[in-house]
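Some notes on the structure that comes next.
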RNA sequence: GGCCCGUUCGUCUAGUGGUUAGGACAUCAGGUUUUCAUCCUGAAAGCAGGGGUUCGAUUCCCCUACGGGCUACCA
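In my numbering, the protein residues as written are 1 to 492.
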């Protein structure tokens, strides 16, 4: 058995945002590495220059950091927000490895495992059209596969535009051994002679990723299911060089509600959007980790550390999972209630910025809504009435059920006195107030409903709200009485 | 079209030949409560279909259906 150090990587293209499915891929790669006390690296796959997005790498690193998915090798964002690379298997930005890839391609050609191809885009188009017309499988027709070497040299020297293609076997089959799916067999004759070096000299994914995975000593290639069908080409490259194959794991896709691959068109796919909306990294990690895998039958809440310890790649589901926000919402509420108070304030208080009241008041409001919210931003609307100077009672009934106005007034007048009498500021918390007011109600021989409903409504002007005790505690004595007076005034 | 992968409650899943098919979210109904939220209790809800193999199939095999991925000088 080999003693190889476990090394996994997350290798995104810098296209502007991190797809939520890729977060899960990165998460699983991180689990595998950390569990084995190995390395988790970040490599940037920017061989497609036309898709390059300015600043994408920086934001990618930032998001990864927020999600607690920082690699311990590879591309990194230093404290000044500058991109750096760490580790002795670099460079970790693929475009900087262009010449390394070209060397590999050259070796492949020398071994007769690849060849130069001079076919123009136009010819390729025609070939395809013809194939479609005659209802034959589309693909490269091997036109340059067996070109005379001296002709090749001549055309190369003449500076003719060219690519390099893999010279794949025309018969027999390959079997991919995938940890999640088992053995999957493909016939060689159905697989195209893939371009590995483009006419701009840059490698395509197939060569670049495999060469880099080997050079970086990646032991587990963990990626989306969309790569399963091209794995034969990747195995071909590994075998041509005589390299040891890595472990392959093709993860099921994350899907839209209609079961298609999760896409921008049908909702938010960017991890950044969820973070911006106030979904907590802990909730997202917990949620995403359990989308496609589950360690036990009867638990839903896991810390990152627990997930690392429990993870088992071979137990990952084969079927795609639909991304449903409901459970994430539930988890987010759970974690919102679990984090320490200061972190909670940091998250929620900014949403109360529009109001001029002092911070202590805002903090009390924030606590009041802690177990009532899914997302921090919700508090702005939810707590609006608490910051409104003059409440409008016209939309809501102040009296309890079919009880009289007179009765409600009587209770409110009494409540004012009770509140006034709460003297010690130490007593000014909702549980004390509840105890006290309930005892006063009893003393008067009144009912909870006919007293507390008018009280609560006069404090909130809302059909639904936190209890009057909580509201009084938040408002303080003066404001509470002021509100009751307002309500009384409108009951004339 | 071709190749490949997949299919357990609405959703995420547990389950690897014998289970009342378990849990969670969502839903609904009760309870606690002045209302809301929380919390507690409960309910409804699933092995895609058809053939085998077997004493016995959710579990193994085959077929069908349905879904998905790939089929680029994108990753």
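Heads up, the beta-carbon is just placed ideally off N, CA and C, and yes, glycines get one too.
Check                                                                                                   : Outcome
First through last residue of the beta strand (DSSP E) which encompasses residue 117                    : 114-117
Endpoints, alpha helix (DSSP H) assigned at residue 178                                                 : Run containing residue 178: none in the alpha helix (DSSP H); it sits in the beta strand (DSSP E), 173-178.
Inter-residue Cα distance where the pair is residue 250 and residue 224                                 : 5 Å
Residue from 470, 164, 318, 212 whose Cα sits closest to the Cα of residue 200                          : 164
Test item: CB-CB of residue 93 and residue 102 under 8 Å                                                : no
Coil, strand or helix - residue 322 by DSSP                                                             : strand
Distance CB(residue 354)-CB(residue 20) smaller than 8 Å                                                : no
Cβ-based neighbour list, residue 466, same chain, cut-off 7 Å, excluding 5 preceding and 5 following    : 368
Under 8 Å between C-beta atoms of residue 377 and residue 351                                           : yes
Backbone secondary structure at residue 170 - three-state DSSP                                          : coil
Cβ-based neighbour list, residue 480, same chain, cut-off 8 Å, excluding 5 preceding and 5 following    : 419, 459, 471, 472
Meets three-Cβ-pair contact criterion under 8 Å: the segment 152-163 and the segment 293-305            : no
Separation of residue 191 from residue 167, as counted between CA atoms                                 : 10 Å
Continuous alpha helix (DSSP H) stretch holding residue 249: start and end                              : No alpha helix (DSSP H) holds residue 249; the beta strand (DSSP E) holding it covers 247-251.
Straight-line Cα distance separating residue 98 from residue 90                                         : 12 Å
CA-to-CA distance, residue 205 to residue 305, given in whole angstroms                                 : 32 Å
Minimum length 4: unbroken alpha helix (DSSP H) runs contained in the segment 270-338                   : 271-277, 281-289, 304-310, 325-338
Option in 16, 120, 398 with minimal Cα separation from residue 484                                      : 398
Backbone secondary structure at residue 261 - three-state DSSP                                          : strand
Assigned secondary structure, residue 5 (DSSP; H/G/I helix, E/B strand, else coil)                      : coil
Inter-residue CB distance, residue 322 and residue 255 (contact presumed, cutoff 8 Å)                   : 5 Å
Euclidean distance between Cα positions of residue 83 and residue 72                                    : 14 Å
Inter-stretch contact (C-beta, 8 Å, three-pair minimum) for the segment 205-222 and the segment 235-244 : yes
Sub-8 Å separation of residue 437 and residue 469 beta-carbons                                          : yes
Rounded C-alpha distance that separates residue 8 from residue 364                                      : 46 Å
For residue 482, three-class secondary structure by DSSP                                                : helix
Reference residue 477, options 429, 463, 452, 462, closest by Cα                                        : 429
Distance between residue 174 and residue 312 (C-alpha atoms, nearest Å)                                 : 26 Å
Separation of residue 144 from residue 116, as counted between CA atoms                                 : 7 Å
Straight-line Cα distance separating residue 169 from residue 128                                       : 21 Å
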